[in-house]
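K.L.:
Residue numbers (the numbering used here): -3 to 276.
Glycine is no exception: its CB is placed at the ideal position from the N, C-alpha and C atoms.
Take a look at the following structure, please.
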Amino acid sequence: MNQIVSTEWLAGHLQDEGIVIADVRWVHKNSEAAHQSYLTGHIPGAVFVDVDADLSELGDYSKGRHPLPTPEDLVERLARKGIGKGKRVICTEEEAFKVAARLWWLLRWIGVDDVLVLDGGVAKWRDEGRPIETRETVLPSVEPFDIRLRSAMMIEAPEVARRIKAGETVLDARAAERYRGEVEALDKRAGHIDGAMNLPLDSFLEGNPPRLKSGETLAEVVRDLRLSPSKPVTAYCGSGVTACQLLWGLSQLGFENLILYPGSWSEWIELHPEAGVALT
């Protein structure tokens, strides 16, 4: 399933009326810093979308660091930014493969199909000498997306445990050293969900600025794990953000039954205090 768009294509369609560019940014516990990052330079016409304020429902940390917003809240927030019914959404960010696919996944989850991710992000766009803006883009509000929830795209912790016990694939998208419990900068325990396999997000990338590997090179990444595109794959990370990027990458290889565990490791350790290694 091709859900990626090149900088070359976007440059030729910047003025298309039906396109809206969503520049997704995230700085840990600092929405203002995320906004300032956007203002240092973004693709002309791109609207700012904050992972914390727009794409999460913060507050109940027992559900992880980035609980999902309700579908109703999500479509209203996006509509106020000019992202809604009748729009083709291009998701981007400063660099590729960090947080933009959180928006891609959320839109797919609520039933929106016309959503793409920009390969290489703003960094690639800038390196190619394309125009950059530093002022805020404010679009008129639009009619919200209709919600046709695809509830099978996400599961909760008990279902994760059941799937692991049944021998189904659960992937940890974090860096190998976090998976192994050697380091942990964000959560109070280090380690991984017992039975999960590690597929670090960075293994999908190549080049500088980073971009998605292509064709056979990308396929080689998952070959050693013996993943089957015809079988369900569940992914998690620290808080359900970068795992969306992993699911998006797998979608480019023809995987269709892709599932997110939104609570991820930050929720798992609340529900299973014995998991992992406690940090001092």
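Under a three-way DSSP split, which group does T3 fall into?
P.N.:
Three-state DSSP puts T3 in a helix.
K.L.:
Contact defined as beta carbons within less than 8 Å: I believe V1 pairs with V20. What is the distance between those atoms, to the nearest angstrom?
P.N.:
The pair is not a contact, with the Cβ atoms about 15 Å apart (cut-off 8 Å).
K.L.:
Taking the straight line between their C-alpha atoms, what separation do you get for T276 and D48?
P.N.:
Note that T276 scores 41 on pLDDT, short of 50, meaning its location in the model is unreliable; the coordinates nonetheless yield the value given after this. Roughly 27 Å between the two C-alpha positions.
K.L.:
Can Y34 be considered in contact with the ligand FMN, in the sense that its beta carbon sits closer than 7 Å to one or more heavy atoms?
P.N.:
By its list of ligands, the structure shown contains no ligand whatsoever, and the ligand FMN lies outside what it can speak to.
K.L.:
Buried or exposed: where does Q32 fall if 16 or more other Cβ atoms within 10 Å of its Cβ makes it buried?
P.N.:
exposed
K.L.:
Compare the C-alpha of S137 against each of S260, K83, E155 and name the closest.
P.N.:
K83
K.L.:
Let me know the secondary structure DSSP gives F93 once reduced to three states.
P.N.:
coil
K.L.:
Label H24 either buried or exposed according to how many other C-beta atoms from any shown protein chain fall within 10 Å of its C-beta, with 16 as the threshold for buried.
P.N.:
exposed
K.L.:
Rounded to the nearest angstrom, how far is the Cβ of L242 from that of L197, given a contact under 8 Å?
P.N.:
6 Å
K.L.:
When burial is assigned at 16 or more other CB atoms within 10 Å of the CB, is Q248 buried or exposed?
P.N.:
buried
K.L.:
K81 and E139 - do their beta-carbons sit closer together than 8 Å?
P.N.:
yes
K.L.:
Give the DSSP-derived three-state secondary structure of L249 in the structure shown.
P.N.:
coil
K.L.:
Taking all protein chains shown into account, decide if W261 is buried (16 or more other Cβ within 10 angstroms of its Cβ) or exposed.
P.N.:
buried
K.L.:
Three-state secondary structure (DSSP) at F321?
P.N.:
An answer regarding residue 321 cannot be provided, because it is not within the stretch -3 to 276 covered by the chain.
K.L.:
Jot down the residue ranges of each uninterrupted alpha helix (DSSP H) in the region 5 to 86, minimum 4 residues, whole runs only, in chain order.
P.N.:
27 to 35, 47 to 50, 67 to 76
K.L.:
Cutting at 6 Å between CB atoms, please list the residues of its own chain near N(-2), excluding the five before and the five after it.
P.N.:
none
K.L.:
Quick one: measure Cβ to Cβ for T213 and K120, integer angstroms, because I've assumed they're closer than 8 Å.
P.N.:
Rounded, the Cβ-Cβ distance is 17 Å, inconsistent with contact.
K.L.:
In whole angstroms, give me the CA-to-CA distance for A42 and W5.
P.N.:
15 Å
K.L.:
Using the C-alpha atoms, what's the distance from N26 back to A171?
P.N.:
23 Å
K.L.:
With a cut-off of 8 Å on the beta carbons, I'd call G234 and D183 a contact; round off their distance for me.
P.N.:
G234 to D183, Cβ: 6 Å. Contact.
K.L.:
Between A162, M193, E164, which has its C-alpha nearest R174's C-alpha?
P.N.:
Comparing alpha carbon positions, the residue from A162, M193, E164 closest to R174 is M193.
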